[in-house]
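Enquirer: These protein sequence lines map, in sequence, to chains A and B.
Residue numbers for the first sequence follow the working numbering, beginning at -11 and rising by one.
Residue numbers for the second sequence follow the working numbering, beginning at -11 and rising by one.
No residue lacks a Cβ here, since even glycine has one placed at the ideal position from N, Cα and C.
Protein chains: 2
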Amino acid sequence: MDDAYFMGQALQEARHAFDIGEVPVGAVIVLHNRIIARAHNLTETLNDVTAHAEMQAFTSAANTLGGKYLIDCTLYVTLEPCMMCAGAAFWTQISRIVFGADDPKRGFSSLQKQILHPKTEITGEVRANESKELLRSFFSKKR
Amino acid sequence: MDDAYFMGQALQEARHAFDIGEVPVGAVIVLHNRIIARAHNLTETLNDVTAHAEMQAFTSAANTLGGKYLIDCTLYVTLEPCMMCAGAAFWTQISRIVFGADDPKRGFSSLQKQILHPKTEITGEVRANESKELLRSFFSKKR
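(1) Using DSSP with H/G/I as helix, E/B as strand and the rest coil, what is B:G95?
(2) Check each candidate in A:A(-8), A:A39, A:N21, A:H20 and name the one with the smallest Cα separation from A:V11.
(3) Specify, as a first and last residue, the run of the alpha helix (DSSP H) that A:E1 falls within.
(4) Name, please, each residue of chain B whose Cβ falls closer than 7 angstroms to the Cβ of A:A76.
(5) Between B:A25 and chain A, is there a C-beta pair that is closer than 8 angstroms?
(6) How close, in whole Å, do the beta carbons of A:V18 and A:T62 come, if the pair is a contact with beta carbons under 8 angstroms?
(7) Look up B:R22 in the DSSP assignment and say whether it is helix, strand or coil.
(8) Can we count A:I82 as close to the ligand ADP, meaning its CB is less than 7 angstroms from some heavy atom?
(9) Closest to B:I23 by CA distance: which of B:T33, B:M(-11), B:G54, B:A5 is it?
(10) State buried or exposed for B:R124, treating a residue as buried only when at least 16 other CB atoms are found within 10 Å of its CB.
(11) How is A:G54 classed by DSSP in three states: helix, strand or coil?
(12) What residues of chain A sit near B:A50, judged by a beta carbon separation below 9 angstroms?
(13) Between the segment 114 to 130 of chain A and the segment 113 to 129 of chain B, do at least 3 Cβ pairs fall closer than 8 angstroms?
(14) Should the segment 68 to 84 of chain B be called in touch with the segment 20 to 35 of chain B, which here means at least 3 C-beta pairs below 8 angstroms?
(15) Check the DSSP bridge columns for A:E109 and list the partner residues they point to.
(16) Kindly list the residues whose CB is nearer than 6 angstroms to the CB of A:E1, restricted to its own chain and excluding five residues on each side of it in sequence; keep chain order.
(17) Could you tell me the distance, in whole angstroms, from the CA atom of B:C73 to the CA atom of A:K107?
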């Protein structure tokens, strides 16, 4: 099981979001090759702008582990994390982040300063086209 | 009722956090001179790094209002918001943020780029000394 496999799992979550009319972003958190949390964007359903896929995955993974810090964990997320989610990732001290599509507008990597925890390694553009296509298709339906 | 009064309410929340061994940060959200949400940091209690005072206040205010956006609302928070909370504030489109103590290490204003929503006005250093003193006293007990 590699990055493309786990990104496929995150894409599956994104498709669930799509199906219920949520902006289609999905995430899974993996520890030692096992998925310990999965989530998709629920901002509309929960009426809560903080309910991004990553935020829920962090909370859920911490619940599963019984500890706040996501040491040795990898976050797979279909869209580059925004500043809120990157800021949350900092606090979790997560070991690695793999994202799909980039987000030039609100993605954290547009910032000058080191946002992520120094312990966090980042890999971008994994199955980016599938993620982008899902988002494009969602917004083309809406507009 | 002015900024100092509402910051006093946020400080009261911070003191609740202090009393239960949480990093003492408190927040209230005000709409038309009425407090619609109050919260304090609960990262230890909830075992969740995303449970900052501001995050909970945003969620709670959106619940009260029945809408995701905090238009015309003011967030009073005893410590300068971190990047996660500033990123969340962006998504809420909150109209104003008033903070107490600055946070040169993880505060959002250390970033080069515009983090907050362009509609959000910011006021810092309101009753900053009281907030700082509470934090200083908390960490001096711990270390």
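Expert: The answer reads as follows:
(1) Counting from one through the second sequence, the residue named residue 95 of chain B turns up at place 107. Strand, per DSSP.
(2) Here residue 11 of chain A refers to the residue found at position 23 of the first sequence. Residue A:A39 is the option with its Cα nearest to A:V11.
(3) For the purposes of this step, residue 1 of chain A is taken as the residue at position 13 of the first sequence. Unbroken alpha helix (DSSP H) run through A:E1: -9 to 7.
(4) Walking along the first sequence from the start, residue 76 of chain A turns up at place 88. Within chain B, the residues near A:A76 are V37, T38, M72.
(5) Along the second sequence, read from residue 1 onward, the residue named residue 25 of chain B stands at position 37. No, because no Cβ of chain A sits closer than 8 angstroms to the Cβ of B:A25.
(6) If you number the first sequence from 1, residue 18 of chain A lands on position 30. If you number the first sequence from 1, residue 62 of chain A lands on position 74. That pair is a contact at about 5 angstroms.
(7) As a first step, residue 22 of chain B must be located in the second sequence, where it is residue number 34. Strand at B:R22.
(8) In the structure on display, the ligand ADP does not appear, and there are no ligands present to speak of.
(9) Counting from 1 along the second sequence, the entry for residue 23 of chain B is found at position 35. Ranking the options by Cα distance to B:I23, first place goes to B:M(-11).
(10) By 1-based counting over the second sequence, the position of residue 124 of chain B is 136. Exposed: under 16 other Cβ atoms inside 10 Å.
(11) As a position in the first sequence, residue 54 of chain A is number 66, starting the count at 1. DSSP places A:G54 in coil when its eight states are reduced to three.
(12) Against the second sequence, residue 50 of chain B aligns to sequence position 62. Ordered by position in chain A, the residues that pass the 9 angstroms Cβ test against B:A50 are L34, N35, D36, V37, T38.
(13) no
(14) no
(15) Here residue 109 of chain A refers to the residue found at position 121 of the first sequence. A:R84.
(16) What you label residue 1 of chain A is simply residue 13 of the first sequence in a count that begins at 1. So the list reads G14, R26, H28, once near-sequence residues are dropped.
(17) Taking the first residue of the second sequence as position 1, residue 73 of chain B is located at position 85. Taking the first residue of the first sequence as position 1, residue 107 of chain A is located at position 119. Rounded to the nearest angstrom, the two C-alpha atoms are 21 angstroms apart.
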